[in-house]
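Under this note's numbering, read the sequence shown as residues 2 to 570, first letter to last. Here is the structure we will look at, set down as structure tokens.
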Amino acid sequence: MARHLITSAIPYINGIKHLGNLVGSQLPADLYARYLRGRGHEVMFICATDEHGTPAELAAAKAGKPVADYCAEMHDVQAEIAAGFRLSFDHFGRSSSPQNRVLTQHFAKVLGEQGLIREVTEKQMYSVADGRFLPDRYIEGTCPNCGYDSARGDQCDNCTKQLDPVDLINPRSVISGSTDLEMRETKHLFLRQSEMKDKLAAWIDSKTDWPVLTTSIAKKWLFDGDGLQDRGITRDLSWGVPAQFDGAPWAGMDGKVFYVWFDAPIEYIAATQELSAQDGSDWARWWRTDKGAADVTYTQFMGKDNVPFHTLSFPSTILGSAEPWKLVDYIKSFNYLNYDGGQFSTSRGRGVFMDQALGILPADYWRWWLLSHAPESADSEFTWENFQTSVNKDLADVLGNLVSRVTKFCNTKFGADVPGEVVLGAREEALMAQFRDGLAAYEKAMDAIQVRRSAEELRALWVLGNEYLQAAAPWSVVKTDEAAARGIIAFALNLIRLYAVLSRPFIPDAAQTIMTALACADWSWPEDLDKAIRALPAGHAFTVPENLFRKITDAEREDWATRFAGRRD
Ligand SMILES: [Zn+2]
């Protein structure tokens, strides 16, 4: 048994995420966590909500709520949706937790003591009426490029031009509408990532087994242009981890907080501490190599936009601290999932969002499609035609149909218990040989976190069962040789149990439905296939399950395509 620490990139708090976000980190992380647990390994699977920063403050203001209340509510909403998708986090934490505050300040302090933080004085827009500095998103004005009158300080939403707040014509505060703005000097802390460049480059170079997507992005940031730059890690905000605290090796940072991207990855550790506070478990044996984490394998999952922060910024924090924290062993990154010829768009309501998805079909349908089409080597695209085909063929026609035919036939002809012993004739021996190879291929793909490949290998195993049943034809055999027909069905029922065990990482609810129907709680991985194929003995009672999957009709497909097409503009 090995020990695996798994983290998914933490979703931002402001609003419900779409299916592209889900398949970019949380869902494949869940697949891997479930697989490793299935193989009998010890797993700690961590996720959280990313709660600090300007967008959270703005969303809370828009909702008319204090930002802490807004975040608490949205955390519960996201936790409930995650549960709906059967994301099996050991803990779903919050980056605004007291644990993360303490830990973030600790890292900042030791980085300062290591000489890796410098103070930088810069000029920034200050609102006299509001009595505060304004981050870029808190400033609006007229776009100098297109004349749009609500361009933000960092970008114009109309013409997409990147802006600097000083570019705006008639700039005003988003908070008060005041135009009494002036440039004032302010001081910020910068993490000296440039000092860490050689160490980071050597570390990335040592990761020869990482996806090219991961290492290529890291190297681009390390070497392109002037190379890795120092990064500002404080902001003039009130919502966040205070940058001035007892024991801080600097002064004059009152009223400032750490930049959300500094504290968010630290939350992986803090979330594990949150769990310890709840259940008394020992977080340090997962995160401190001096306290038992030396044998832990740590895997991170994320979309490609998060790779720079996980290959450079967070490792700068960990390595720069010179303390024995667990560093990531493998980073699995993903490209983007597009929606039906374009992109998902929150502002335009374009595409399927996580709550909407669960409102029209159960989690397994989405899990199967998303994972079997994961954007690994390139961006991939969701289309309703493809979704319908995949669900109807893979789930309903292949797996669902097999389970239905075998259990119904048995119940009708022999009654609702396993109708005989499993005896391996030539046909069964042949299938076992194919199954053994297929299982090895499935395990190999899962071990390598090749998500699409894993789905293909699993589906191939389902197909083997269908082909076996078709060729063995117990419905014909029963007319001349009832004992042989009983043997075929006993074998097929045991195959179905194996499918539940092997499919659980992809489609946990259907797997549970099968096992409940089979009155079986033996989820052990088939390390010994000859033994596993006999797990259900003659006479073992079962019930015929409801249809595992229903087909998506053309009318539904068309209705959904229209409903989720979004506003046209
Ligand atoms: Zn513009």
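The beta-carbon is built from N, C-alpha and C at its ideal position, and this holds for glycine as well. No experiment lies behind these values; they were computed from the predicted model shown.
Run of the beta strand (DSSP E) containing residue i, from where it starts to where it stops
| i | result |
| --- | --- |
| G121 | Before going on, a small fix: residue 121 reads as Val here, not Gly. Where V121 is concerned, the enclosing beta strand (DSSP E) stretches over 118 to 128. |
| A201 | The sequence shown places Leu at residue 201, not Ala. Premise fails: L201 lies in the alpha helix (DSSP H), 198 to 206, not in any beta strand (DSSP E). |
| D337 | For the sequence presented, residue 337 should be read as Tyr rather than Asp. Unbroken run through Y337: none, as it is neither H nor E. |
| L1 | Only positions 2 to 570 of the chain appear in the structure, and residue 1 is not among them; the question remains open. |
| R185 | 182 to 192 |
| I7 | 4 to 9 |
| F46 | 43 to 50 |
| G94 | 92 to 95 |
With 16 other Cβ atoms within 10 Å as the buried cut-off, status of residue i
| i | result |
| --- | --- |
| M447 | buried |
| F224 | exposed |
| D283 | exposed |
| P538 | exposed |
| C411 | buried |
| G178 | exposed |
| H5 | buried |
| G21 | buried |
| D570 | Residue confidence is low: D570 scores 45 on pLDDT, short of 50, so the model does not pin down where it sits. Its coordinate-derived value is still stated next. Exposed: under 16 other Cβ atoms inside 10 Å. |
| R460 | buried |
| G116 | exposed |
| D31 | buried |
| P365 | For the sequence presented, residue 365 should be read as Asp rather than Pro. Flag for D365 reads buried. |
| C160 | exposed |
| N495 | buried |
| I14 | buried |
| F550 | buried |
| P172 | buried |
| E183 | exposed |
| D471 | One point to set straight first is that residue 471 is Gln, not Asp, in the sequence displayed. Burial call: exposed. |
| A501 | buried |
| M2 | exposed |
| G65 | exposed |
Residue j beta carbon less than 7 Å from that of residue i
| i | j | result |
| --- | --- | --- |
| V452 | P29 | yes |
| K257 | A294 | no |
| I218 | V308 | yes |
| I450 | K333 | yes |
| F263 | Q106 | no |
| R564 | Q389 | no |
| L403 | N467 | yes |
| R505 | A536 | no |
| D70 | I11 | no |
| E275 | Q100 | yes |
| H19 | G540 | no |
| E141 | R133 | no |
| D231 | Q279 | no |
| G54 | V261 | yes |
| E458 | Y443 | yes |
| L104 | A272 | no |
| R428 | A484 | no |
Start and end residues, alpha helix (DSSP H) containing residue i
| i | result |
| --- | --- |
| C72 | 68 to 85 |
| E141 | Unbroken run through E141 is the beta strand (DSSP E), 140 to 143; no alpha helix (DSSP H). |
| R564 | 555 to 564 |
| P172 | Premise fails: P172 lies in the beta strand (DSSP E), 170 to 174, not in any alpha helix (DSSP H). |
| S504 | 483 to 504 |
| E547 | Looking at the DSSP string, E547 is not in any alpha helix (DSSP H), and its letter there is neither H nor E. |
| E457 | 452 to 473 |
| W370 | 364 to 373 |
| M254 | Premise fails: M254 is in no alpha helix (DSSP H) and is neither H nor E. |
| E102 | Residue 102 is actually Arg in this sequence, not Glu. Here the alpha helix (DSSP H) through R102 covers 99 to 114. |
| E58 | 55 to 64 |
| A511 | 509 to 518 |
| D356 | 355 to 361 |
| V242 | No alpha helix (DSSP H) holds V242; DSSP gives it neither H nor E. |
| I218 | 213 to 224 |
Residue i Cβ short of 6 Å to ligand 3 heavy atom set
| i | result |
| --- | --- |
| N159 | Ligand 3 is not part of the structure shown, which contains ligand 1 as its ligands. |
Below-7 Å beta-carbon distance, residue i vs any chain B residue
| i | result |
| --- | --- |
| R95 | Of the protein chains in this structure there is only one, and it is not chain B. |
**Asked** Do the stretch 358 to 378 and the stretch 475 to 492 meet, that is, are 3 or more Cβ pairs less than 8 Å apart?
**Response** no
**Prompt:** Do the stretch 190 to 200 and the stretch 117 to 125 make contact, defined as three or more Cβ pairs closer than 8 Å?
**Reply:** yes
**Request:** Please go through the stretch 272 to 349 and give each complete beta strand (DSSP E) segment of 3 or more residues, from N-terminal end onward.
**Result:** 297 to 304, 331 to 335, 338 to 340
**Item:** Segment contact flag, the stretch 208 to 217 with the stretch 164 to 184, C-beta cutoff 8 Å, min 3 pairs
**Value:** Touching, no, given that fewer than three Cβ pairs across the two stretches are closer than 8 Å.
**Item:** Contact between the stretch 391 to 410 and the stretch 348 to 357 (3+ Cβ pairs under 8 Å)
**Value:** no
**Asked** Taking the runs of the alpha helix (DSSP H) that are 4 residues or longer, which of them lie wholly in the stretch 377 to 435?
**Response** Unbroken alpha helix (DSSP H) runs of no fewer than 4 residues, entirely contained in the stretch 377 to 435, are found at 385 to 391, 402 to 414, following chain order.
**Prompt:** Using 8 Å as the Cβ pair cut-off and three pairs as the minimum, do the stretch 136 to 150 and the stretch 76 to 96 touch?
**Reply:** no
**Message:** Assess contact between the stretch 32 to 48 and the stretch 233 to 243, defined as three or more Cβ pairs (one per stretch) separated by less than 8 Å. Is contact present?
**Reply:** Proximity of the stretch 32 to 48 to the stretch 233 to 243 falls short of the contact definition, fewer than three beta-carbon pairs being nearer than 8 Å.
**Message:** For the pair the stretch 45 to 63 and the stretch 7 to 22, tell me if three or more CB-CB distances fall below 8 Å.
**Reply:** Output reads yes: the stretch 7 to 22 touches the stretch 45 to 63.
**Request:** Report yes or no: do the stretch 340 to 353 and the stretch 313 to 321 share at least 3 C-beta pairs separated by less than 8 Å?
**Result:** no
**Item:** Sufficient close CB pairs (3 or more, under 8 Å) joining the stretch 377 to 386 to the stretch 508 to 521
**Value:** With the cut-off at 8 Å, the stretch 377 to 386 and the stretch 508 to 521 do not touch.
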